[in-house]
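S.K.:
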Amino acid sequence: MPDAAPSPDAQASIATFDALVIGAGFAGLYALHLLRNQQGLKVRVLEAADGVGGTWYWNRYPGARCDSESWSYCFQFDDALVQEWTWSERYPRQPEILRYLNHVADRYDLRRDIAFSTRVTGARFDEASDRWVVTTDRGERLAAPFLITAVGCLSAANIPDIPGLADFRGRWVHTGEWPHEGVDFRGKRVGMIGTGSTGIQAAPVIAEEAAQLTVFQRTPNYSVPAQNHPLDDAFRARKKAEWPVLRRLMRSNTNGHPYTISERDTFSVSEEERRAAYAQAWDQGGLSFRATFRDMMVNKAANDEASAYIRERIRAIVKDPRTAELLTAFDHPFATKRPPIDTGYFETFNRDNVRLVDIRATPIERIAADGIVIGGETIPLDIIVFATGFDAMTGPLLKLGIAGPGGRTLAEAWAEGPRTYLGLGVEGFPNLFTVTGPGSPSVLTNMPVAIEQHVEWIASAIAWARANRVARIEATGEAARNWTAHVNEVAERTLYPTAKSSWYLGANIPGKPRVFMPYLGGLGRYREICDEVAASGYRGFAVTPLRG
Ligand code: NA7
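The working numbering runs 1343 ahead of the 1-based position in the sequence shown.
(1) Once DSSP output is grouped into helix, strand and coil, what is the label at residue 1387?
(2) Between which two residues does the beta strand (DSSP E) harbouring residue 1479 extend?
(3) Any heavy atom of ligand 1 within a distance shorter than 7 angstroms of the CB on residue 1515?
(4) Can you list the alpha helix (DSSP H) stretches of 4 or more residues lying completely in the stretch 1627-1694, in chain order?
(5) I want to check one thing, is the minimum distance from the CB of residue 1794 to the heavy atoms of ligand 1 below 7 angstroms?
(6) For residue 1638, which of 1839, 1508, 1683 has the nearest alpha-carbon?
(7) Apart from the five residues just before and just after residue 1553, which ones in its own chain have a Cβ nearer than 6 angstroms to its Cβ?
(8) Where residue 1867 and residue 1526 are concerned, what is the direct C-alpha to C-alpha distance, given to the nearest angstrom?
(9) Tell me, to the nearest whole angstrom, how far the beta carbon of residue 1690 is from that of residue 1657; I am working on the premise that it is less than 8 angstroms.
(10) For residue 1384, I'd like the list of residues in its chain whose CB is within less than 7 angstroms of its CB, leaving aside the five on either flank, ordered along the chain.
(11) Taking all protein chains shown into account, do 16 or more other C-beta atoms lie within 10 angstroms of the C-beta of residue 1889, making it buried, or fewer, making it exposed?
(12) Roughly how many angstroms lie between the CA atoms of residue 1708 and residue 1886, to the nearest whole one?
(13) Who are the Cβ neighbours of residue 1356 in its own chain at under 8 angstroms, not counting the five residues just before and after it?
(14) For a test of your reading of the model: does the CB of residue 1539 fall under 7 angstroms from any non-hydrogen atom of ligand 1? Yes or no.
(15) Whole angstroms are fine: how far does the CA of residue 1635 sit from the CA of residue 1620?
(16) Which stretch, first to last residue, makes up the alpha helix (DSSP H) that contains residue 1438?
(17) Smallest Cα separation from residue 1877: which of 1849, 1800, 1830?
(18) In terms of residue numbering, what span does the beta strand (DSSP E) encompassing residue 1535 cover?
(19) What number of angstroms, rounded off, separates the C-alpha of residue 1372 from the C-alpha of residue 1496?
(20) Do three or more CB pairs link the stretch 1507-1521 to the stretch 1660-1680 at distances below 8 angstroms?
(21) Write down every uninterrupted run of the alpha helix (DSSP H) in the stretch 1750-1784 whose length is 4 residues or greater and which is fully enclosed by it, in chain order.
(22) Ends of the beta strand (DSSP E) at residue 1888?
(23) Would you give the residue range spanned by the alpha helix (DSSP H) that residue 1547 belongs to?
(24) Assess contact between the stretch 1695-1704 and the stretch 1554-1565, defined as three or more Cβ pairs (one per stretch) separated by less than 8 angstroms. Is contact present?
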């Protein structure tokens, strides 16, 4: 039925800007800095939380740490910022990263253009004015020609639909929406569902405090020790002195981390040398275990060698043979799901107050008032911790209620799975830029490096569009189709898609289309492609000039 009422546009006043940014984590802060402080644009950042930080605002669960090394997990755009900040540990805890992001917000005077405690409820493209009109849960309406989503890849919590949760008389929490006041585990029987990076970080810390911890494991996960430790002044000074070289390395290599991937193939060396290389990587700790041999992620036999080594090391830690068996019954090649790094995860299972329950063999039946029911047995619990991950990459974007010209929603456009050009632009959604969107290297890299690259590219594209009197810049269907096909082709050349339940594929969310989302072509090469696109006058984007 036609709606006779005046359009909402006519009713409510609209605040106008040059650009709107959604999210005040790493990406949103940098977007504001570039667009406002460098280009002088009128920008508003909309942020649901009451502070900056994004991922690091929300993920306050016990043991929350970064898996990238602190001194590399930071903004790189300003040498002075790098030189003046002091990281305390190799892998910083969540409060330290949040302090850093608050420092950045203050240092570049960003807060005054961030609307906190403001959740975006919709964003639609107004064809008459070539502007995005964004609505918020405060009833505001804001408009700007350019809309930048800086909502992160892992910000839509996945709370599994397990029957009976509403009946649970205890307390339940998701790690990605952790209460600011913390959760008191003392004397409590705690059940934790999920053994991804989060569960593996949280379990040892919860076990220290709780009376009893039951870990519900669906898929056994590889993990390599973080070998975390405090940093000393000499180390920090060395990294700061080497910064120009390290920065160049991170900006040009595959993953944005400050290490190089070995040039050796697994079977090019003797078994003895191979084991020595794995042992060295294990002792070194961290994500660089993946870089021990260059063929680890493309050659199944090579990956099997690494997997067997990790299995052996875990078995040497875990005393109970049945628990060790359950923890190492891997069903996917190493690192084809995001590999965690841990601080005492496997050792935790040697504690008397920790039990591992295999919910692959015997799935959870339901949640009862007093615990989790499995195989007819109720495991009594006071607290359930959902370490069950996120509706990754697309979830945060689809939650925004984005609608392009003609009212076509992003959810409709992506019904068969996300399709983007470079992970930056979406066909049918002019002037919308998605920082670290599906189809970008993002989650396969050291995130701040990927974020800086995206934000710099987007800021340049906006400057170019403004200088050239462009009303609309929009990925073409052909470019988006070709890029998405390319993302998949590159993935198919690796072992990654063989992990059938990975969130890279969207497989952790029931009903989500199975599409390999991150770009595996390497951040360095990706940067070159993006630069070539810009230098060519934005090849693959359709451009409409301003009217009049
Ligand atoms: P992940 O890596 O997605 O891990 C989630 C865990 O929760 C994983 O073990 C899942 O098992 C498990 N899970 C998810 N849904 C269920 C249900 N319905 N029942 C039982 N178990 C379930 O999320 P994280 O928060 O740990 O890490 C996210 C990223 O943050 C990480 O990769 C890093 O990049 C940083 P599954 O493996 O699906 O069988």
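Glycine included, each C-beta is placed from N, C-alpha and C at the ideal position.
M.R.: From the atom records:
(1) strand
(2) 1474-1479
(3) no
(4) 1643-1660, 1664-1670, 1688-1691
(5) no
(6) 1839
(7) 1528, 1531, 1533
(8) 42 angstroms
(9) Going by Cβ atoms, the distance from residue 1690 to residue 1657 rounds to 10 angstroms, so no, they are not a contact pair.
(10) 1361, 1362, 1378
(11) exposed
(12) 54 angstroms
(13) 1484
(14) yes
(15) 7 angstroms
(16) 1437-1450
(17) 1800
(18) 1532-1536
(19) 16 angstroms
(20) no
(21) 1753-1756
(22) 1884-1888
(23) 1540-1552
(24) yes
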